[in-house]
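Engineer:
Residue numbers (my numbering), protein chains in the order written: chain A, 851 to 1170; chain B, 449 to 1013.
(1) Buried or exposed: where does residue 477 (chain B) fall if 16 or more other Cβ atoms within 10 Å of its Cβ makes it buried?
(2) Helix, strand or coil: how does DSSP classify residue 765 (chain B) here?
(3) Put residue 966 (chain A) into one of helix, strand or coil per three-state DSSP.
(4) Within the same chain, show all residues whose beta-carbon is closer than 7 Å to that of residue 509 (chain B), passing over the 5 residues directly before and after it, in chain order.
(5) What does the alpha-carbon distance come out to for the pair residue 945 (chain B) and residue 862 (chain B)?
(6) So with Cβ pairs under 8 Å, would you call residue 1152 (chain A) a contact of chain B?
(7) With distances taken from CA atoms, which of A:1071, A:1060, A:906 and A:1096 is nearest residue 838 (chain B)?
(8) How is residue 888 (chain A) classed by DSSP in three states: helix, strand or coil?
(9) So does the region 958-975 of chain B actually touch the region 544-554 of chain B, counting three or more Cβ pairs closer than 8 Å?
(10) In whole angstroms, give me the CA-to-CA distance for residue 911 (chain A) and residue 856 (chain B).
(11) At least one CB of chain A closer than 8 Å to the CB of residue 737 (chain B): is that the case?
(12) Can you give the Cα-Cα distance for residue 1137 (chain A) and residue 892 (chain A), rounded to whole angstroms?
(13) Work out the CA separation of residue 814 (chain B) and residue 865 (chain A) for me, nearest whole Å.
(14) List, in order along the chain, the chain E residues whose C-beta lies closer than 7 Å to that of residue 604 (chain B)?
(15) With a threshold of 8 Å between beta carbons, is residue 1100 (chain A) in contact with chain B?
(16) By Cβ distance below 8 Å, which residues in the same chain neighbour residue 596 (chain B) in space, the five residues on each side in sequence not counted?
(17) Whole angstroms is fine: what's the gap from residue 1008 (chain A)'s alpha carbon to residue 637 (chain B)'s?
(18) Can you find a CB in chain B that lies within less than 8 Å of the CB of residue 967 (chain A)?
(19) At a Cβ cut of 8 Å, what residues of the region 583-595 of chain B count as close to chain A, listed as they run along the chain?
(20) Which residues in the same chain have their Cβ closer than 8 Å to the Cβ of residue 490 (chain B), if we skip the five residues on either side of it in sequence?
(21) If residue 1087 (chain A) sits next to residue 703 (chain B), beta carbons under 8 Å apart, how far is it from one beta carbon to the other, in whole angstroms?
(22) From residue 1098 (chain A) to residue 920 (chain A), what does the alpha carbon distance come to, in whole angstroms?
(23) Note down, one range per segment and in chain order, each alpha helix (DSSP H) of at least 4 residues found wholly within the region 522-570 of chain B.
(24) So which residues of chain A does residue 526 (chain B) contact, with C-beta pairs closer than 7 Å?
(25) Does the beta carbon of residue 746 (chain B) come closer than 8 Å to any beta carbon on chain A?
(26) Out of curiosity, what's the CA-to-CA distance linking residue 963 (chain B) and residue 661 (chain B)?
(27) Got a sec? Which residues, its chain only, sit under 7 Å from residue 714 (chain B) by beta carbon, not counting five neighbours each side?
(28) Under the rule that 16 or more other beta-carbon atoms within 10 Å means buried, what is residue 609 (chain B), buried or exposed?
(29) Nearest-angstrom Cα distance between residue 944 (chain A) and residue 791 (chain B)?
(30) Could you give the first and the last residue of the continuous beta strand (DSSP E) run that contains residue 1051 (chain A)?
(31) Tell me the start and end of each unbroken alpha helix (DSSP H) in the region 912-978 of chain B that is at least 4 residues and wholly inside, in chain order.
(32) What does residue 960 (chain A) touch in chain B if you count any residue whose Cβ is under 8 Å from its own?
(33) Measure from the alpha carbon of residue 989 (chain B) to the alpha carbon of each residue in B:923, B:798, B:886 and B:643, then state which is nearest.
(34) With which residues is residue 1055 (chain A) paired in a DSSP beta bridge?
(35) Is the beta carbon of residue 708 (chain B) sitting closer than 8 Å to the one on residue 678 (chain B)?
(36) Kindly indicate if chain B contains any beta-carbon less than 8 Å away from that of residue 1048 (chain A).
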């Protein structure tokens, strides 16, 4: 502190100023440095605001700690010829309490904030929606949903000659449990949700539109409407990830899973398999095309195969 | 135990290991023998670990070469998956865990507790000698029919059940052997620290590394058996077609993930807690100050041990875990930052106001702080479910854990080698080469792994041999960083080999340290001390009174200016 004393600015003041500069830097970095891809779902802006907070806090902590370290290494380096030790200070209880309390408060804040974000993304809702509870009408409806989805994908795979039973549905007596990913929609918007079945297999995503019986290697969805993706894996674990949607859900054999999202920005975005699934894992990619609502209807009309009795059947079952 | 000087041993019919006519060989042959000397075993672990480090590094080289271009063009896709599986397994189970636990633990713990050896010397030797065959098994699995395991070091079923069986079974056998070695070591450390302390030495007077190893060993003993059991069940699924984890037979793959991570998250603390301990030894000596906040450091280690056991499901946020579980594991994981933060603030306070020697050991230790703080911050971010859902299983995670295990632990291993080499060999390492090594490693490491955060955030998943061409530039930067890291091991190797013969003679205590391993000759004799073991009750008793003036560096103003400064 000799240097500081020489220019006669109190240490406390200098520390305060440095701290303020640090906080401002962190906030500025969080606000202005963008590391994320374009946002294209209703989830994404919520996610990005969490990212911004974490990025700001992280920058403040990192720059602060590294600054302190580098300052110590320069200021307190051993000069040639020095042979004495530093001060024999073994600890300081108030300091210890301070640097236990501050991280605890920061972590608590971050935890509560991210919980709030998670709830806004629909993460907590799936507890009521998809967990057991036969008395819950909602769960029942979803059970019905899952059932139809499993049946649909089994019939789809039957044509391919694959007869592997999907875990829960192999037991005919019980209604399959449906695992909820995050982003399970509100009850209100659910009625008009676009329902799509996704079958993940080595090494492709196959999308099936139960209402129109379209089978596609690409996912086409309308902007501004909730999409309910009923996912199932044929062989090993895959993961459905759209970076621009900030959404990822493992697709696990034996666990039919529902993931829902609302795309907001028309365009084409990559679908990436994010769980090691074999040699061609890196090549297991697809595209999600987000259409304007009109264009989506046009796409549906263009691609709907000529109707057959079975199609009409499967078209009516899943509607709750 | 009773204290005995070496002369007391002679008439009792138990000759010291180095005496002529004993069963143990002398000289360098000791290091290839079933030696019971904890120092020999420690160095066996260290050298063996470095062998596997260079092997795992070569595998990393294959990965980074493949990823230098967006298409799969260097090795076949199957080989690539074998390479990434072997890289992870070798680096974790054959390099970091054996070196930070086995090597430094065996070498240092008996000194620190004032014992002449570990509690169970034969078990100790067995624990080491399980490692070379296990490593050999793992390497040879590459050459068997179907090749080595291809399902990553996590070996998630059903993939691990459907990939070539022989390689996967050999992988399981190898990991089981290494887990056994780890458990034997853990039991030995707990027994030594609790029971072999020199009379008069209290627990709260032990050097911090003992506490770190005690905490680590508790984690090893509690969680490794879970991994062993899980892998045995997995091998049943592969060999006997049972259905524990096979959904086609009614099994549940998520159960495997829970069991696997119940070990493998604590495994992270098994890799970093000893490193925390080593740093706590190195910083006070080279900063010439007592370790700041000894008591809170001890409590924070124990806090990390307890919390470390209840955070495993944060690896499974996208696996359809129920929301309450996501919430619980988010909070538990975030709170690990608190005891960890305490340790880092204490280290910074240790440096503050010290007389810091900017030598290779100190530079590596400080770079550890920088890297680990960075990895810790991304870790707290990853603990948040919504954040994790986007970046889980991407290069962001790859970058994060390399900042923890390489930027954290491996930097500490290098720091420790620079610090204890004089004790191991009696000679100093070359400082210039050491700082050059540090510079190359630090730049190479950050160049290699920092861009990977961006890659992950923007859509590059991990464990892929091919990727979107828009990620090519940063992947090439990362590969250049990896090349620098590879080059950085040359000055290190040259330094280690040449200094063993030509290095400046170190003397017993070149760092003027107070911990017991420095209070004997370099290298130390068999049984550690000629005569009675020293009783060190203040292992960090550095520091001069504030009114003392250093005549070597003082100026006239210091001498005559009075105490007002």
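Cβ atoms here follow ideal geometry from the backbone N, Cα and C, with glycine treated the same way. Since the model is a prediction, treat every value here as computed from it, not as a measurement.
Structural biologist: The answer reads as follows:
(1) Position 29 of the second chain, counted from the start, is the residue given in the question as residue 477 (chain B). Flag for residue 477 (chain B) reads exposed.
(2) The sequence position of residue 765 (chain B) within the second chain is 317, counting from 1. It is coil, neither helix nor strand.
(3) Position 116 of the first chain, counted from the first residue, corresponds to residue 966 (chain A). Helix at residue 966 (chain A).
(4) The residue given as residue 509 (chain B) occupies position 61 in the second chain. Cβ neighbours of residue 509 (chain B) beyond the five flanking positions: 930 and 934.
(5) Residue 945 (chain B) sits at position 497 when you count from the first residue of the second chain. Residue 862 (chain B) sits at position 414 when you count from the first residue of the second chain. If I take the Cα positions, the gap works out to 15 Å.
(6) Locating residue 1152 (chain A) in the first chain gives position 302, counting from the first residue. Closer than 8 Å: no.
(7) Taking the first residue of the second chain as position 1, residue 838 (chain B) is located at position 390. Closest by alpha carbon: A:1096.
(8) To locate residue 888 (chain A), count along the first chain from 1; it is residue 38. The answer is coil: DSSP assigns residue 888 (chain A) none of H, G, I, E or B.
(9) no
(10) Here residue 911 (chain A) is taken as the residue at index 61 of the first chain, counted from 1. Here residue 856 (chain B) is taken as the residue at index 408 of the second chain, counted from 1. Using only the alpha carbons, I get a separation of about 17 Å.
(11) Taking the first residue of the second chain as position 1, residue 737 (chain B) is located at position 289. Yes, residue 737 (chain B) counts as interfacial toward chain A.
(12) Position 287 of the first chain, counted from the first residue, corresponds to residue 1137 (chain A). Position 42 of the first chain, counted from the first residue, corresponds to residue 892 (chain A). Cα to Cα, the separation comes out at about 18 Å.
(13) Residue 865 (chain A) sits at position 15 when you count from the first residue of the first chain. Residue 814 (chain B) sits at position 366 when you count from the first residue of the second chain. Spanning the two alpha carbons is a distance of roughly 22 Å.
(14) Annotation note: the requested chain E is absent from the structure, which comprises protein chains A and B.
(15) Translated into positions along the first chain, residue 1100 (chain A) becomes position 250. Taking Cβ atoms only, chain B reaches closer than 8 Å to residue 1100 (chain A), which makes this a yes.
(16) For the purposes of this step, residue 596 (chain B) is identified with residue 148 of the second chain, where counting begins at 1. Excluding residues within five positions, the ones whose Cβ falls inside 8 Å are 530, 533, 534, 586, 589, 590, 615, 618 and 619.
(17) Start at 1 with the first residue of the first chain, and residue 1008 (chain A) comes out as number 158. Start at 1 with the first residue of the second chain, and residue 637 (chain B) comes out as number 189. Only weak support is given to the placement of residue 1008 (chain A): the predicted model assigns it a pLDDT of 34, under 50, and the question is left unresolved by the model.
(18) For this step, residue 967 (chain A) is matched to residue 117 along the first chain. It does: the Cβ of residue 967 (chain A) has a partner Cβ on chain B nearer than 8 Å.
(19) none
(20) If you number the second chain from 1, residue 490 (chain B) lands on position 42. Around residue 490 (chain B): 550, 551, 552, 553, 554, 555 and 556.
(21) For this step, residue 1087 (chain A) is matched to residue 237 along the first chain. For this step, residue 703 (chain B) is matched to residue 255 along the second chain. No, residue 1087 (chain A) and residue 703 (chain B) are not in contact; Cβ-Cβ is about 13 Å, not under 8 Å.
(22) Mapped onto the first chain, residue 1098 (chain A) falls at position 248. Mapped onto the first chain, residue 920 (chain A) falls at position 70. Each residue's alpha carbon lies about 39 Å from the other.
(23) 525-537 and 552-561
(24) Residue mapping note: residue 526 (chain B) aligns to position 78 of the second chain, counting from 1. Within 7 Å Cβ-Cβ: 1129.
(25) Locating residue 746 (chain B) in the second chain gives position 298, where the first residue counts as 1. Closer than 8 Å: no.
(26) In the second chain, residue 963 (chain B) corresponds to position 515, counting from 1. In the second chain, residue 661 (chain B) corresponds to position 213, counting from 1. Each residue's alpha carbon lies about 16 Å from the other.
(27) As a position in the second chain, residue 714 (chain B) is number 266, starting the count at 1. 667, 671, 756 and 757.
(28) Position 161 of the second chain, counting from 1, holds the residue named residue 609 (chain B). Under this definition residue 609 (chain B) is a buried residue.
(29) Position 94 of the first chain, counting from 1, holds the residue named residue 944 (chain A). Position 343 of the second chain, counting from 1, holds the residue named residue 791 (chain B). Each residue's Cα considered, the two are about 15 Å apart.
(30) Here residue 1051 (chain A) is taken as the residue at index 201 of the first chain, counted from 1. Taken as a continuous stretch (DSSP letters only), the beta strand (DSSP E) holding residue 1051 (chain A) covers 1044-1051.
(31) 920-950
(32) Reading the first chain from its first residue, position 110 is the one you call residue 960 (chain A). Within 8 Å Cβ-Cβ: 782, 828 and 832.
(33) For the purposes of this step, residue 989 (chain B) is taken as the residue at position 541 of the second chain. The shortest C-alpha separation from residue 989 (chain B) is found at B:798.
(34) Indexing the first chain from 1 puts residue 1055 (chain A) at position 205. A:1050.
(35) Mapped onto the second chain, residue 708 (chain B) falls at position 260. Mapped onto the second chain, residue 678 (chain B) falls at position 230. Result yes, Cβ atoms of residue 708 (chain B) and residue 678 (chain B) sit closer than 8 Å.
(36) Along the first chain, read from residue 1 onward, the residue named residue 1048 (chain A) stands at position 198. No, residue 1048 (chain A) does not count as interfacial toward chain B.
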